[in-house]
Every structure is written in structure tokens, then in C-alpha cells.
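K.L.:
Take this structure first; my questions come after.
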Amino acid sequence: MTSTSKKKARRPLIGPMERARRQANYIRLLAFLVAVMMLIVGLKLGLYPEIYLLGVAGLLAYPLIAQTILVIANRRDIREKAAHQFLMQLDAMLIGMTCALLHFALVPSLVLLIIVHANAVTSGGLKPWLLNQLMTTIGAVVMGAILGFAYIPLGEPVPVVMIVVSLLGLGIYVGASSAFAHYQARYLREAQELVRRQQQQAVELSRKLAKYLPPQIWGSIFSGKRDAKLETRRKRLTVFFSDIKGFSAISEELPLETLTSMLNTYLSEMTRIALRHGGTIDKFIGDAVMVFFGDPNSEGAIEDAYRCVLMGIEMQEQMKLLRQRWKREGIEHKLEIRIGINTGYVTVGNFGTDSRMDYTILGTDVNLASRLESACRPGGVLISEATQELVKDRIQCRNMGDIQVKGFNRPIPVFEAMGAKKDSGAKNRYVSAQTAGFGIHLDVERVRNFDKNTILKTLARSATELKKDSAVSVDYEAEGFSLHVDSGAIKKRERDRIINMMGQAAKRVQTQVRV
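Laid out in C-alpha cells, this is it:
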């Protein structure tokens with residue numbers, strides 16, 4: 004090990020606040036050194052008896068005692084400000100006693116009073132300064148009484164040497180205090196910069212951690228509304244499960260990079276839809292998604308169930324757009340999802356240990372939602388009777404009869420959610436079709452107004468070129484819209500129907516999307 008590395012090891016880096024505390028003690032030491040110099044000069048000139056050397060020893064020892072007091076206060080978690088105020092008043096009392104030791108010599112006493120009271124005003128303000136004066140008076144009176152109130156009469160001249168030493172000490176103290184104030188300001192800026200960096204690091208860390216928690220839980224924890232502790236409660240929730248049909252077989256056929264990209268795209272889209280509807284994403288298990296509504300925030304059982312079912316319907320519609328995208332990317336598998344939804348009382352909260360916990364839900368009604376997802380046809384949304392009772396006024400449901408599911412002794416009545424009643428007939432928000440050489444998907448509620456003109460131009464140009472029997476090759480995608488046209492693969496008997504469908508889609512965009 005080199006000498007340079009040894010030196011660095013002996014001098015660890017200290018923070019700006021610690022440097023400020025050390026310099027504050029240096030300033031205290033300087034103030035009492037000025038008082039010591041005055042006493043020593045007086046002793047040399049024979050103005051004071053030699054026993055006053057005890058006072059010199061006490062003044063020299065005091066800064067070390069003050070530093071010890073600060074260290075003890077820090078170890079006992081005593082507020083730093085309180086310890087500082089205490090020492091400032093102790094300083095004043097000792098300066099008052101020193102004035103008495105100097106026999107109240109005018110210039111030396113004034114110099115010491117200026118030093119101690121200037122420090123009190125700059126460090127504490129008016130109230131500490133008034134208390135400072137009181138403590139100075141007490142110190143002067145106590146020591147004066149001990150010494151029999153010995154004093155140098157005003158008419159008697161003070162030796163010039165003593166005056167010079169006093170004024171020189173005052174000058175040095177003022178200069179050192181000014182430098183200390185400058186360094187204090189610099190240390191404060193450094194401390195503020197350190198705090199700013201730490202806050203930025205905390206924000207970045209919280210953003211990263213937020214990706215592992217549902218946004219609602221992350222927000223409630225960081226706002227202080229909820230604590231990260233083991234606790235559960237019974238609540239009526241609507242539970243959602245979905246998975247991709249035959250995903251295990253697909254994962255064996257696709258390259259790892261393609262599979263990863265496809266799965267991440269799928270989960271990203273499903274997550275976006277779930278969050279937009281207010282769902283709490285419990286977990287991803289491979290291709291499976293688990294979401295629930297009603298905790299930590301709830302809009303009421305009816306609204307929670309409606310939002311959950313509407314979310315499932317929108318997810319199925321979004322899958323049509325994703326299938327078109329994946330087909331353009333060379334993934335020929337027809338990926339379809341199954342969705343199961345149930346409403347009931349479950350146990351929700353933090354499960355696990357104090358060191359590792361999971362925010363999730365447990366209960367029979369959670370298991371039923373999972374069983375409904377397994378029993379659902381690909382591309383469908385299967386809901387329980389409990390959920391159907393809550394949403395039947397706003398969701399078109401088809402009675403699918405009773406099914407027998409594992410873990411339940413009784414038959415379970417189930418329904419298939421077909422769509423929102425507000426979207427029925429001509430008001431349907433979705434336009435979707437897929438055939439050889441053509442694919443279109445439109446969700447008018449998700450189309451952004453600044454995409455409207457581009458979508459209309461794309462539809463008009465494609466329809467016009469098809470009418471002219473010209474070669475058309477279009478692959479266009481925007482939020483809520485996807486269009487694929489390959490005129491070479493379109494059958495002649497399908498052209499008129501496809502042109503008509505693009506016209507209907509353009510009419511929907513024109514009338515229902517506002518710029």
C-alpha cells in the first residue's frame with residue numbers, strides 16, 4: 004500500500020454539515036483564545052494575581068468540553084439546535100465571568116461582549132440575544148462577587164499593549180467569522196445539492212419499484228394513506244382472469260426473441276387497458292393476467308363490475324388489432340384469449356412476512372373466476388351470475404346455462420358478455436373484420452383526434468385504388484385503428500364488401516371522432 008493511499012485512509016470524507024459543525028467549534032475556540040490572550044497580557048503586566056492562571060486553564064479547556072457536549076448530545080439523539088442554544092448561553096456566562104477576571108477593563112470587556120453578542124444575534128436571533136445578555140450579566144455578577152467586585156476605574160488608563168491585543172483579537176475574530184459565514188453558505192449549497200441528488204435518486208428508485216406494484220398501491224403507500232404491513236380485510240370485489248389459448252404449444256414453436264417481444268407487447272396492451280378502466284393488476288403468471296376491481300379504490304360494486312366486464316370486452320377487441328400486427332411480423336398463429344370474471348367476497352391485503360409480502364386476494368370466489376376463464380371459449384368473456392346481476396342493465400349478456408367446474412359441488416350458472424348496450428347497433432364503437440388480403444380494426448373511442456385525418460385519407464385512398472382494380476399494399480396502425488390491405492390476395496367476390504366496410508369505418512371516424 005502506498006503512502007498516498009494510507010493518508011486517504013486516515014482522512015475519511017466528511018459531509019458539508021459535519022464540516023460546518025467543526026468550523027463552528029473552531030470559532031468558539033478562537034473567541035476564548037482572544038479572552039486567554041487578554042488575561043495572559045494582564046498577568047504579564049502584573050495587573051492580575053497569578054491565581055488567575057486557573058481562569059486561563061478553564062478558558063482553554065472549555066472549547067474541548069463544548070465539543071464533548073455536542074458529541075454526547077448527538078449520540079443521545081438530542082436535537083442539535085437545542086445543544087447549540089445551550090452552549091451559546093454557556094459561552095455568554097463564561098465571557099461575563101472573564102470580564103470580571105479582567106476587572107471590567109473597558110476595552111477588553113467591550114471586545115469580549117461584542118464577540119459573544121454578535122455571535123448570539125447571527126446564530127439565534129432576538130430572543131437568544133436577550134437571554135445571552137442575561138447570562139452574561141449573571142456570569143459577571145457571580146465571578147465579580149467571588150473576586151470582591153474588583154475593577155479598574157474608568158479614569159485609570161489601561162496599558163496600550165492590552166488594548167492593542169484586544170483590538171487585534173477582535174479583528175482576527177471578525178475576519179474568521181466572515182470566512183466562517185462564507186464557508187457556511189458554501190456548505191449549505193453543497194448540502195442542498197446533496198439533498199437534491201438524494202431526492203432524485205429516491206424518485207428514480209421509487210419509479211423502478213413502482214413497476215413491481217399496482218399503481219394504486221404504490222400511490223397509497225407513498226402518499227402515506229397505507230402502510231406496508233401485514234393486514235387483510237374482507238371486501239366484495241370483481242375478479243378477472245385471462246390467458247392465451249395454447250400458449251405453451253406456441254412458446255415451443257416460436258424463437259425466444261419473437262416470443263418475448265410478442266408476450267411483452269400483449270401484456271403492455273392489456274395493462275394499459277386495465278389501468279384505463281381502474282383495475283388493480285394483481286400479477287402476471289406467464290401469459291395469464293389477474294386483475295381485480297374494488298380495492299384499494301372502489302366506485303361501488305355495480306360500477307366496479309361494469310368496468311371489469313367492459314375492460315374484458317375491450318381486451319378481446321384489442322386482440323384483433325394485435326393479431327393483425329403479429330401477422331405482419333410473420334407470426335401466423337391465431338392467438339386468442341379466454342376471460343373469466345366473477346364477483347364475490349374475498350380476503351384482500353398483504354400476505355407473507357415482514358420482510359417479504361405480496362398484495363393479493365384469496366378466497367373461493369377468486370378460484371371461481373379462474374375456473375370460468377378455463378371454461379371460456381377462445382375470444383369470449385365468461386361471467387358468473389353474481390357479476391351478470393350487477394351489469395345486466397348496461398351489458399348485453401347471453402345465458403350459457405350451467406357448467407360444472409372443479410372444486411364446486413353445484414352447477415355454476417354462467418353468461419357470456421357480448422358488449423355494452425350503449426354500443427349496440429349503429430352506435431357500435433367497434434368495426435372489425437379479417438379475411439384473405441384484408442384486415443381492419445377500429446375502436447372509435449380510442450382513436451386520437453390528431454390521427455383522424457390520416458386515417459380518413461388512408462381509408463379513402465385504399466378504397467379508391469381497389470375500385471380502380473389497382474395494386475394496393477397498405478399496412479397502417481394508429482391508436483384504436485389498424486388497416487391491412489394486400490389487393491393481390493383479396494378475392495374478387497370480396498372486393499365490394501371490403502370497399503363497403505372501409506366506407507362504413509370512414510363514416511364512423513368522420514362522425515364520431517372530434518377534432
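Going by this note's numbering, the sequence shown opens with residue 4, and the numbers climb by one from there. Where a beta carbon is used, it is the ideal one built from N, C-alpha and C, also for glycine.
Which class does P156 belong to by DSSP, given the choice of helix, strand or coil?
P.N.:
Here residue 156 is taken as the residue at index 153 of the sequence shown, counted from 1. Reduced to three states, the DSSP call for P156 is coil.
K.L.:
Do I386 and V312 have their C-beta atoms closer together than 8 Å?
P.N.:
Counting from one through the sequence shown, the residue named residue 386 turns up at place 383. Counting from one through the sequence shown, the residue named residue 312 turns up at place 309. For I386 and V312, yes; Cβs fall inside 8 Å.
K.L.:
Please classify F453: does DSSP put it in a helix, a strand, or coil?
P.N.:
Taking the sequence shown and counting its residues from 1, one reaches residue 453 at position 450. Reduced to three states, the DSSP call for F453 is helix.
K.L.:
Alpha carbon to alpha carbon, how far is R31 from R14? Give it in angstroms, no decimals.
P.N.:
Counting from one through the sequence shown, the residue named residue 14 turns up at place 11. Counting from one through the sequence shown, the residue named residue 31 turns up at place 28. Confidence at R14 is low in this model, with a pLDDT of 47, below 50, so its placement is unreliable and the value that follows should be read with caution. Approximately 23 Å, taken between the alpha carbons.
K.L.:
With a cut-off of 8 Å on the beta carbons, I'd call Y55 and L48 a contact; round off their distance for me.
P.N.:
Within the sequence shown, residue 55 is the residue found at index 52, counting from 1. Within the sequence shown, residue 48 is the residue found at index 45, counting from 1. Going by Cβ atoms, the distance from Y55 to L48 rounds to 12 Å, so no, they are not a contact pair.
K.L.:
Whether or not the segment 435-443 and the segment 482-492 are in contact is what I'm after, with contact meaning three or more pairs of Cβ atoms, one per stretch, closer than 8 Å; do they touch?
P.N.:
These segments touch.
K.L.:
For S254 and E419, what's the separation of their Cα atoms in angstroms?
P.N.:
Mapped onto the sequence shown, residue 254 falls at position 251. Mapped onto the sequence shown, residue 419 falls at position 416. Straight-line Cα distance between these residues: approximately 29 Å.
K.L.:
Quick check on L371: does DSSP put it in helix, strand or coil?
P.N.:
Looking up residue 371 in the sequence shown gives position 368. Note: L371 maps to helix in three-state DSSP.
K.L.:
Exposed or buried, V516, counting other C-beta atoms within 10 Å across all chains shown (16 or more means buried)?
P.N.:
On the sequence shown, position 513 is the one that residue 516 refers to. The residue in question, V516, is buried, as its Cβ has 16 or more Cβ neighbours within 10 Å.
K.L.:
Specify, as a first and last residue, the run of the alpha helix (DSSP H) that H87 falls within.
P.N.:
Position 84 of the sequence shown, counted from the first residue, corresponds to residue 87. E83 to L104 is the span of the alpha helix (DSSP H), which, as asked, contains H87.
K.L.:
Using DSSP with H/G/I as helix, E/B as strand and the rest coil, what is L42?
P.N.:
Reading the sequence shown from its first residue, position 39 is the one you call residue 42. Three-state DSSP puts L42 in a helix.
K.L.:
Under three-state DSSP, which class holds I284?
P.N.:
Position 281 of the sequence shown, counting from 1, holds the residue named residue 284. Three-state DSSP puts I284 in a strand.
K.L.:
I'd like to confirm the pairing. Which residues does DSSP put opposite L240 in its beta bridges?
P.N.:
Looking up residue 240 in the sequence shown gives position 237. Looking at the DSSP assignment, L240 forms a beta bridge with G347.
K.L.:
Under 8 Å Cβ to Cβ from L33, same chain only, skipping five residues before and after it: list those, please.
P.N.:
Within the sequence shown, the letter at position 30 stands for residue 33. Here the set comprises I175, Y176 and A179.
K.L.:
For R82 and Q88, I'd like the C-alpha separation in whole angstroms.
P.N.:
Here residue 82 corresponds to residue number 79 of the sequence shown, with the count starting at 1. Here residue 88 corresponds to residue number 85 of the sequence shown, with the count starting at 1. Looking at the two C-alpha atoms, the distance is approximately 10 Å.
K.L.:
Is there contact here, the segment 64-73 with the segment 188-202, by at least three beta-carbon pairs under 8 Å?
P.N.:
Short answer: they don't touch.
K.L.:
Looking at the secondary structure, which residues open and close the beta strand (DSSP E) in which V434 lies?
P.N.:
For the purposes of this step, residue 434 is taken as the residue at position 431 of the sequence shown. Start and end: Y433 to T438.
K.L.:
My output table needs one value for F411: the three-state DSSP class, helix, strand or coil.
P.N.:
Taking the sequence shown and counting its residues from 1, the one referred to as residue 411 is at position 408. Looking at F411 - three-state DSSP - the assignment turns out to be coil, as it is neither helix nor strand.
K.L.:
State the start and end residues of the unbroken alpha helix (DSSP H) segment that holds E480.
P.N.:
Residue 480 sits at position 477 when you count from the first residue of the sequence shown. From DSSP, E480 is part of no alpha helix (DSSP H) but of the beta strand (DSSP E) over S476 to A481.
K.L.:
With respect to the alpha helix (DSSP H) encompassing G61, which residues constitute its N-terminal and C-terminal limits?
P.N.:
For the purposes of this step, residue 61 is identified with residue 58 of the sequence shown, where counting begins at 1. That run of the alpha helix (DSSP H) goes L56 to R78.
K.L.:
Beta strand (DSSP E) containing Y51: first to last residue?
P.N.:
Indexing the sequence shown from 1 puts residue 51 at position 48. Element bounds for Y51: n/a, residue is neither H nor E.
K.L.:
Run through the segment 261-340 for me and flag every whole alpha helix (DSSP H) of 4 or more residues, listed as ranges in chain order.
P.N.:
Entirely contained in the segment 261-340, the alpha helix (DSSP H) runs reaching 4 residues are, in chain order, 304-331.
K.L.:
Three or more C-beta pairs under 8 Å: does that hold for the segment 399-411 against the segment 452-461?
P.N.:
Contact fails: fewer than three Cβ-Cβ distances are below 8 Å.
K.L.:
With DSSP collapsed to three states, give me the class of G3.
P.N.:
The displayed coordinates of the chain run from 4 to 518. Any statement about residue 3 would go beyond what the structure contains.
K.L.:
From E335 to M504, what distance separates their C-alpha atoms?
P.N.:
Looking up residue 335 in the sequence shown gives position 332. Looking up residue 504 in the sequence shown gives position 501. Using only the alpha carbons, I get a separation of about 24 Å.
K.L.:
Just the C-alpha distance for I247 and T438, rounded to the nearest angstrom, thanks.
P.N.:
Position 244 of the sequence shown, counted from the start, is the residue given in the question as residue 247. Position 435 of the sequence shown, counted from the start, is the residue given in the question as residue 438. The straight-line gap from Cα to Cα measures roughly 22 Å.
K.L.:
Can you tell me the Cβ-Cβ gap for Q319 and V369, rounded? I've got them flagged as a contact below 8 Å.
P.N.:
Numbered from its first residue, the sequence shown carries residue 319 at position 316. Numbered from its first residue, the sequence shown carries residue 369 at position 366. No, Q319 and V369 are not in contact; Cβ-Cβ is about 22 Å, not under 8 Å.
K.L.:
Near G343, what residues of its chain come up, given a Cβ to Cβ distance below 6 Å and the 5 sequence neighbours on each side ignored?
P.N.:
The residue you call residue 343 lines up with position 340 of the sequence shown. F244, A372, L375, E376, C379 and L385.
K.L.:
Output needed for S112: all residues of its chain with C-beta closer than 7 Å, excluding positions within five of it in sequence on either side, in chain order.
P.N.:
Your numbering for residue 112 matches position 109 in the sequence shown. Answer for S112: C102 and L105, listed in chain order.
K.L.:
Would I117 and V37 be called neighbours here (beta carbons separated by less than 8 Å)?
P.N.:
To locate residue 117, count along the sequence shown from 1; it is residue 114. To locate residue 37, count along the sequence shown from 1; it is residue 34. Contact: no.
K.L.:
Please classify S465: is it buried, with 16 or more other beta-carbons within 10 angstroms of its beta-carbon, or exposed?
P.N.:
Here residue 465 is taken as the residue at index 462 of the sequence shown, counted from 1. When all chains shown are included, S465 counts as buried.
K.L.:
Residue range of the beta strand (DSSP E) that L486 falls in?
P.N.:
Here residue 486 corresponds to residue number 483 of the sequence shown, with the count starting at 1. Unbroken beta strand (DSSP E) run through L486: F484 to D489.
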